[in-house]
Amino acid sequence: MTADDHLILVDGSTFIFRAYHALPPLTRKPDGLPVGAVSGFCNMLWKLLQEGLSPEPGDEPTHMAVIFDHSSKTFRSDIYPEYKAHRPEPPEDLIPQFGLIREATRAFSVHCVEQEGFEADDLIATYARQAAAAGARVTIASGDKDLMQLIGPTVKMIDTMKGKTFEEADVFEKFGVGPDKVIEVQSLAGDSVDNVPGVPGIGLKTAALLINEFGDLETLLSRASEIKQNKRRENLIEFAEQARVSKQLVTLKQDVPVLVPVDHLAVTEIDGPKAVGFLKAMGFTTLTKRVAETTGAELANIEPADFQVPGWDVPDGKGRLSPASPTARGVAAPAASSTSQSEAGDGASSSPASGSAQADLPAGMMVPQTVASEAADAARNTTIDPSTYETVTTVERLKEWVAEAYEVGTVAFDTETTSLDAMQADLVGVSLATAPGKACYVPLGHVDGEGDLLGGGGLLPGQIPLGEALAVLKPMLEDRAVLKIAQNLKYDWLLMTRYGVDIAPFDDTMLLSYTLDAGKGGNGMDELSERWLGHTPIPFKEICGSGKSMITFDKVAIDKATAYAAEDADVTLRLWQVLKPRLASERMATVYETLERPMVPVLARMERRGISVDRQMLSRLSGDFAQGMAAEEDEIYALAGETFNIGSPKQLGDILFGKMGLPGGKKTKTGAWSTSASVLEDLAAEGHELPSKIVAWRQLSKLKSTYTDALPGFIHPETKRVHTSYSLAATTTGRLSSSEPNLQNIPVRTEAGRKIRKAFVATPGHKLISADYSQIELRVLAHMADIPQLKKAFADGLDIHAMTASEMFGVPIEGMDPSVRRRAKAINFGIIYGISAFGLAAQLGIGRGEASDYIKTYFERFPGIRDYMEAVKKEVHANGYVTTIFGRKAHYPDVNTSNPNMRAFYERAAINAPIQGSAADILRRAMVRMEDRLSHSRLDAQMLLQVHDELIFEVPDAQVEVTLPVIREVMEKACEPALTLSVPLQVDARAADNWDEAH
DNA sequence: TCTTGCCCTTA
DNA sequence: GTAAGGGCAAGAT
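Residue numbers (this note's numbering): 10 to 1008.
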């Protein structure tokens, strides 16, 4: 090997596990051989061979090998038996694929190296050192951060799945030290995945700090007594030996006596027929074709390779082979496909991936490249440089920007303000972007940031007067000819309506992301920028600071503000160019256009209206609750024999289970005794007095702190009403969420709680109407799973829980024992939540076996429900997502994890998502139509709140009776005409002076 | 001052 | 058993 050579070392393990976990399971057609990971591996290896790893010409690899782990037993387990001890066994369906992947490597004429007693990492380290010693360049293809210690001037690392290259600077970013100090840091910080202990209380940040100060581990340990922080010093002294062992574990062995010399790893020409033969035998049609085309191998004349996999027959290769197709399509299809969906045509039965020929590159894998348009490429590939943005200081320039927006027809728009609360914020500036890299900021309200109490605070020069700027902007923002693009537009929309501007038409990149990728991660701009543009925008903290010293945006210097604000518009525009094309290609345009985008003005108006709360009533209640708490406190302290902080679960646990010696039940995940209400209630049932007093105190404390004390703080100084903020993109299922304050969890179950609800009142001369869907989720389930008894019961208007009980236990509905109905009700809820015997038992306070029997009986009576659940599970495993009746997707990217508990959790979530999500879709459809229907009927009702299955309106007294049926009709017919449910929807609506009585 | 854990409120 | 937001205590920084 010489200085002209370039060695590529592929970490086989990373590739295998990435391929397995990133992709849904896939089996070979004739015999069910699992080949998902093999498929992923082959695709990755082929891509590597095609594209190489180095963009520069002349740097093509001269040597290459895939390195595998030989077995789990290595010299490290001798040093520290616990090393990697927590690693779960590989999943069952991955085991036969290990051998196949080695076959695949050879089939592609790539060297395949492993050696007993050593991890792949040690072999990689050894080869890398030998090659580097000869002056050759080395590229390590891996996602394993442990290999970062090998990076050097001629050694780089590349994560092909994430398309990221790591050089020395990147190591610094990750570990806070250079490659030569990585092991020092790792031996302190440890690694929970590999079970490297490290030193307790020291994480990556602290470890880097210490190593930078002391140089290396040994120096640090010998001078540990100099450390100021008590806990840190003690741990370093106590766990010194553990740190030394950790260092041995993380240090890669660079002198493995390799059986295959590095010179033998020279690349060889790919043997086309051999590769094609292997791929044919696997049944990967798409890749087989591609490899045949590239290598010139004659596809038709090549027989599938003949090799044995224990337990599986060799296919005959006579055209019977085809890539397995996901088997669980159309779980919700009976409903979705049997009814017309003129609006939501992209229903459950049409996922783009499952129908495509690319079954060997299955759905769920993020392949941004495949959806790229030219514009999207430009959006991604031109650099983002905040120093190039323009600060607009004259009306003339602003007019030119507006003209540019008309010219292009689209403009990204963002506002900068003094507050996160759109109801309180003052406009400080706006930014525009008309093309990637072409963005500006228009400062409008910046003041002298240096100004203290005495001077300053005046408007800075060089800013267009607000009114003049708005006069130029408003026509463009309201013009149909210009599409406005924003990230989380609801905020800007609400703000701008306060300045008399109604933005339309528009697109919202946050909602685009949510429509396409709900469940895959956040939809915030910074996160989307990282994910799609590989760019980290200037953090808000960097401009305004955080915590106590945070300044409002109007105090930010205009040049800094320009860089920050214009970048936001630039990034938003680029995100739109990346995401918008996916809408059509992934058939999600209807979901976006009917269920997401129209919600923006609807919710903004609801937020702006707010709701009236009676401040005096809350204040009185707060006093009452405080008195009640004080009374309980006296008795609690007397029973405990001492005073303590009742609000501290830790102190309470010490009293109950330590001092008083009560039998502890559950433990929390950190190992402490649980003091949850269910535990305390069990103790109370055994006759202990203290626990029931604690429960009573907690209830009062919760009501007081969260509601009576916090709510008045949200009363707007001018409107005198409470304005919540709804999030459209916070949940995986499609529900809304409400915050600041959360008006979706106002108490209702207890008498004391309902007093808080009474404080939500109608304005004088008005009533509140509360309209809620009855059993909407069970109705949706009855429709989706097509359950005859349930459908009939709903059609006949029966009590659904009593009917369930009657079916299950064979008792008549007339004169039914309430406890029997209660059990059936719990089961019905359990079904919606993806039932487990464990959960049902906990809910009903019965044994696991008994709960199990209930579930069995239920499934015998309603076999369609069981079939539905099984089908959803198959669907989510195959596709990585599930769909609602209107085509909304909920993704569960980690559902194929090998951890059985996590897997079961994701499966339950996936069972629940189409039910909860379909109900959420129905609410959205009702809300989108409601305002028009009311105004067409010349009614003045105002929609104020949404609480998942309930809508709250404020209505003039005289119109109550006319309004009620209109609201009911819109809600009950919300599915039409896209879909006719096979079950009627029922809405109960009532009017009263306050929310409690209306509900 | 910030983060995590625990507990509780809703549908 | 599903989906959320939020207050307070305690510990780390």
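Ideal Cβ placement from N, Cα and C applies to all residues, glycine included.
Quick one: Cα of Ile-193 to Cα of Gly-531, how far? Position 184 of the first sequence, counted from the start, is the residue given in the question as residue 193. Position 522 of the first sequence, counted from the start, is the residue given in the question as residue 531. The sequence given here places Glu at residue 193; Ile does not occur at that position. Answer to the nearest angstrom: the Cα atoms are 34 Å apart.
Would you tell me roughly how many angstroms separate the C-alpha atoms of Asn-52 and Leu-58, rounded to the nearest one? As a position in the first sequence, residue 52 is number 43, starting the count at 1. As a position in the first sequence, residue 58 is number 49, starting the count at 1. Using only the alpha carbons, I get a separation of about 10 Å.
With 16 as the cutoff for other CB atoms within 10 Å, does Glu-684 come out buried or exposed? Here residue 684 corresponds to residue number 675 of the first sequence, with the count starting at 1. Looking at the sequence itself, residue 684 is Thr, so the reference to Glu does not match. Answer is buried; the Cβ neighbour count reaches 16.
In three-state terms, what does DSSP make of Asp-997? Counted from its first residue, the first sequence places residue 997 at position 988. It is a strand residue.
Meets three-Cβ-pair contact criterion under 8 Å: the segment 798–805 and the segment 975–987: no
From what residue to what residue does the beta strand (DSSP E) around Thr-174 run? The count along the first sequence starts at 1 and reaches residue 174 at position 165. Residues 173–175.
Rounded to a whole number of angstroms, what is the C-alpha to C-alpha distance between Pro-377 and Thr-36? Taking the first residue of the first sequence as position 1, residue 377 is located at position 368. Taking the first residue of the first sequence as position 1, residue 36 is located at position 27. In this predicted model, Pro-377 has a pLDDT of only 35, less than 50, meaning its place in the structure is not dependable; the value taken from the coordinates is given anyway. Between Pro-377 and Thr-36, the C-alpha separation is close to 25 Å.
Use the C-beta contact count for Lys-493: other C-beta atoms within 10 angstroms, 16 or more gives buried, fewer gives exposed. Taking the first sequence and counting its residues from 1, the one referred to as residue 493 is at position 484. With 16 or more other Cβ atoms within 10 Å, it is buried.
Scan the segment 683–753 and note each continuous beta strand (DSSP E) run of 3 residues or more that stays entirely inside, going in chain order. 734–736, 746–748
Whole-angstrom distance between Trp-55 and Asn-888, CA atom to CA atom: Here residue 888 is taken as the residue at index 879 of the first sequence, counted from 1. Here residue 55 is taken as the residue at index 46 of the first sequence, counted from 1. Rounded to whole angstroms, Asn-888 to Trp-55 spans 23 Å at the Cα level.
Please report how far the alpha carbon of Ala-341 lies from the alpha carbon of Leu-960, in whole angstroms. Against the first sequence, residue 341 aligns to sequence position 332. Against the first sequence, residue 960 aligns to sequence position 951. Note that Ala-341 scores a pLDDT of 26, beneath 50, so its modelled location is shaky; the value from the coordinates is reported in the next line. Straight-line Cα distance between these residues: approximately 27 Å.
Grouping DSSP H, G and I as helix and E and B as strand, with all else coil, what is Pro-965? Indexing the first sequence from 1 puts residue 965 at position 956. Reduced to three states, the DSSP call for Pro-965 is strand.
If you pair each beta-carbon of the segment 948–963 with each one of the segment 928–935, do three or more pairs fall below 8 Å? yes
Going by DSSP in three states, Ile-976 sits in which element: helix, strand or coil? If you number the first sequence from 1, residue 976 lands on position 967. Reduced to three states, the DSSP call for Ile-976 is helix.
Burial state of Ala-12, where buried means 16 or more other Cβ atoms lie within 10 Å: As a position in the first sequence, residue 12 is number 3, starting the count at 1. It is exposed - the Cβ of Ala-12 has fewer than 16 other Cβ atoms within 10 Å.
Which word fits Ser-440, buried or exposed, when buried means at least 16 other C-beta atoms lie within 10 angstroms of its C-beta? Here the question's residue 440 lines up with position 431 in the first sequence. The residue is buried, with at least 16 neighbouring Cβ atoms inside 10 Å.
Coarse secondary structure for Leu-807, derived from DSSP in three states: For the purposes of this step, residue 807 is identified with residue 798 of the first sequence, where counting begins at 1. Three-state result, Leu-807: coil.
Start and end of the alpha helix (DSSP H) containing Arg-146? By 1-based counting over the first sequence, the position of residue 146 is 137. Here Arg-146 belongs to no alpha helix (DSSP H); instead the beta strand (DSSP E) covers 146–150.
Bounding residues of the beta strand (DSSP E) (the contiguous stretch that carries Lys-154): The residue labelled residue 154 in the question sits at position 145 within the first sequence. It is not in any beta strand (DSSP E) - Lys-154 carries neither H nor E in the DSSP assignment.
Please state whether DSSP places Leu-268 in a helix, a strand or coil. Here residue 268 is taken as the residue at index 259 of the first sequence, counted from 1. Leu-268: coil per DSSP, three-state reduction.
Taking 9 Å as the threshold (C-beta atoms), are Leu-18 and Ala-150 in contact? Position 141 of the first sequence, counting from 1, holds the residue named residue 150. Position 9 of the first sequence, counting from 1, holds the residue named residue 18. In contact: Ala-150 and Leu-18 (Cβ atoms closer than 9 Å).
What is the rounded straight-line gap between the Cα of Thr-174 and the Cα of Leu-230? As a working mapping, residue 174 is identified with position 165 in the first sequence. As a working mapping, residue 230 is identified with position 221 in the first sequence. Their backbone Cα atoms lie some 34 Å apart in a straight line.
Can you list, in chain order, the residues of its chain whose CB lies under 6 Å from that of Val-510, leaving out five sequence neighbours each side? To locate residue 510, count along the first sequence from 1; it is residue 501. Within the same chain, Val-510 has close Cβ partners Lys-483, Leu-486.
DSSP on Met-793, reduced to helix/strand/coil? The count along the first sequence starts at 1 and reaches residue 793 at position 784. Residue state, collapsed to three classes: helix.
For a test of the three-state rule: what should DSSP assign to Gly-446, helix, strand or coil? Position 437 of the first sequence holds residue 446. Gly-446 falls in the coil class under three-state DSSP.
For a test of the three-state rule: what should DSSP assign to Thr-36, helix, strand or coil? By 1-based counting over the first sequence, the position of residue 36 is 27. Correct three-state label for Thr-36: strand.
What whole-angstrom Cβ distance do Val-47 and Met-291 have, given they're in contact under 8 Å? Within the first sequence, the letter at position 38 stands for residue 47. Within the first sequence, the letter at position 282 stands for residue 291. Right, their Cβ atoms sit about 6 Å apart.
For Phe-653, which of helix, strand or coil comes out of DSSP? Within the first sequence, residue 653 is the residue found at index 644, counting from 1. Residue state, collapsed to three classes: coil.
Just the C-alpha distance for Thr-391 and Tyr-29, rounded to the nearest angstrom, thanks. Position 382 of the first sequence, counting from 1, holds the residue named residue 391. Position 20 of the first sequence, counting from 1, holds the residue named residue 29. Each residue's Cα considered, the two are about 33 Å apart.
Range of the contiguous beta strand (DSSP E) that encloses Ile-17: Looking up residue 17 in the first sequence gives position 8. Element bounds for Ile-17: 15–20.
List, from N- to C-terminal side, the alpha helix (DSSP H) runs of 4 residues or more that fit wholly inside the segment 887–949. 909–945
Three CB pairs or more closer than 8 Å across the segment 732–746 and the segment 881–901: yes
Assign Pro-162 to buried or exposed, taking buried as 16 or more other Cβ atoms, counted over all protein chains shown, within 10 Å of its Cβ. Translated into positions along the first sequence, residue 162 becomes position 153. Result: exposed.
According to the neighbour-count rule (16 or more other Cβ atoms, all chains shown, within 10 Å of its Cβ), is Gly-856 buried or exposed? Within the first sequence, residue 856 is the residue found at index 847, counting from 1. That one is exposed.
Does the Cβ of Asp-20 lie closer than 8 Å to at least one heavy atom of the ligand FAD? Ligands displayed in this structure: none; no statement on the ligand FAD is therefore possible.
According to DSSP, what are the bridge partners of Glu-399? Position 390 of the first sequence, counted from the start, is the residue given in the question as residue 399. In the DSSP output, where bridge partners are listed per residue, Glu-399 has Cys-449.
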